[in-house]
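Presented below is the structure to which this report refers.
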Amino acid sequence: MEVMRAAEEREMAGGDVLHLEVGQPSTPAPSGVIAAAHRALDEDVIGYTTAAGTPVLRRRVAAHYRSWYGVEVDPDRVMFTVGASGAFVAAFLAAFDVGARVVVPSPGYPCYRNALDALGCEVVDLPTTMATRFQPTVALLDEIVTVGGPIDGLVLSSPSNPTGTMLDDGRMAEIAAWCRSHGVWFISDEIYHGLTYGIRAPTALEHDDEAIVINSFSKYFSMTGWRLGWLVMPDALTETLTRIGQNVTISAPTLSQLAAEAAFDCHDECEAYVARYAVNREILLSGLRSAGFDELAPADGAFYIWAGVDHLIQSGRAADSQTLCAEWLADIGVAATPGIDFDPSRGQRYVRFSFAGSTDDCTEAMVRLKDWASASGGRS
Ligand SMILES: Cc1ncc(COP(=O)(O)O)c(C=O)c1O
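Under the numbering used here, the residue at position 85 of the sequence shown is numbered 85, and the numbers go up by one with no gaps.
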């Protein structure tokens, strides 16, 4: 948020900014969704829905699991929430008591730890490295339990924010089985599904019907501001989660639910967005390498590249990723996100670049970074 504020200030002062810090699509919702919203405004009352959401959209989501993953999901297990963000809080409230020990891999999406912390849970950090594709393994989970005692939950996202890395089918199966055999709630944030580059993202539901699966219309469907996410609830928590939904938000935004019914008919438009991300991803991967960034996490999915900047710190070029990002913004108008929020202990050595923006911005940003690297004595 600080980077975005600084970028905004620079723009207000007349400077240009290439936005590689953003964590959201730069495109509108698919046109079918927008047309459905117009129709709903003209024809519908737009009152509350039931706590879980409209029956039509619940069935559409269930059908989506059948067609994308070959998994049968009872529509009664689907509940809509205020974005995936609303789903985390509901899931944490339903699954955990105060004091529950919940593993959160780092680097990872900061809101998991912040929400768990606010709810009185104990966040158990699980540092991951490039060696495990910045995702947990059962060996790492065993170690956590051996050293610190039993845990109550595991929250992860695959593809991940900030690393873009994924669990393949085998590793997803191992982790789901480990959680089940250890009596641990597995919360799988699948918000970046659909945004993958040559690899399929398996849902946790393929391996464990008791996993708590979270997804959203924000990313693949390009609908961040519509604030609509969903949960696939395990049978054991369906009633509790529905009661939480009822008491905390009454229902997810009705206009968004009615409009989202059209989203699953808009795959061509969404796939065109993915094709642009794929082009941008190639531009960043080759641009960053030629600017001397050798430590790049495998960019399996989402729209992020997690880049090590240790070479710049070791050479005295920058103190840490925060000062580096501030310098890039001030000197070359490139906004990127320092890693500190995603990994409090090691994030000063990493930067997250987003390729969700325009291809022109990505191209120009790479030219400027390469020039910066040559001018500052780095390799280029
Ligand atoms: C991993 C992850 N989960 C959830 C969210 C929040 O999603 P929503 O807009 O659906 O609340 C984000 C947003 O960037 C994210 O990166």
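Where is the CB? At the ideal position from N, CA and C, for every residue including glycine.
Leaving aside the five residues that flank TYR48 on each side, the residues in its chain whose CB is nearer than 8 Å to its CB run, in chain order, ILE250, SER251, THR254.
When HIS64, LEU126, PRO162 are compared, the shortest CA-CA separation from ALA297 is found for PRO162. Just measuring C-alpha positions, the residue of VAL98, ALA278, MET223 sitting nearest THR27 is MET223.
The stretch 172 to 190 makes contact with the stretch 137 to 145, as at least three CB pairs between them are under 8 Å. Between ALA52 and THR240, the C-beta spacing is not below 8 Å.
Selection around ligand 1 by beta-carbon proximity, strictly under 6 Å to any non-hydrogen atom, yields GLY23, GLY83, ALA84, SER85, TYR109, SER157, ASN161, ASP189, ILE191, SER216, SER218, THR224, GLY229 in chain order.
Pairing CYS111 with TRP230, the inter-Cα distance amounts to about 17 Å. Runs of alpha helix (DSSP H) with 4 or more residues, each lying fully within the stretch 212 to 293, are found at 238 to 248, 254 to 260, 267 to 290, listed in chain order. Looking at ASP169, HIS182, ASN280, the one whose alpha-carbon comes closest to that of THR146 is HIS182. Distances from the alpha-carbon of ILE191 to those of ILE214, TRP68, GLU174 put ILE214 closest. For the pair ARG276 and GLU21, the Cα-to-Cα distance works out to about 17 Å. In summary, ARG349 is buried, with 16 or more beta-carbon neighbours lying within 10 Å of its beta-carbon over all protein chains present. Within the same chain, and ignoring the five residues on either side of ASP331 in sequence, the residues whose Cβ sits closer than 8 Å to its Cβ are TRP372. Pairing GLY308 with PHE353, the inter-Cα distance amounts to about 11 Å. Excluding its 5 nearest sequence neighbours in each direction, PRO202 has C-beta neighbours in its own chain below 6 Å: ASP169, MET172, listed in chain order. For SER345, the secondary structure class from DSSP, reduced to helix, strand or coil, is coil. Boundaries of the alpha helix (DSSP H) around SER67: 55 to 69. Take TYR109, set aside five residues on each side of it, and the residues of its chain with a beta-carbon closer than 8 Å to its own are SER157, SER160, ASN161, PRO162, ASP189, PHE342, in chain order.
Nearest in C-alpha terms to ASP74, of all of GLY301, ARG5, ASP209, is ASP209. The beta carbon of LEU41 sits closer than 6 Å to none of the beta carbons in its chain outside the five residues before and after it.
Note that the C-beta distance between VAL102 and GLU72 is not below 8 Å.
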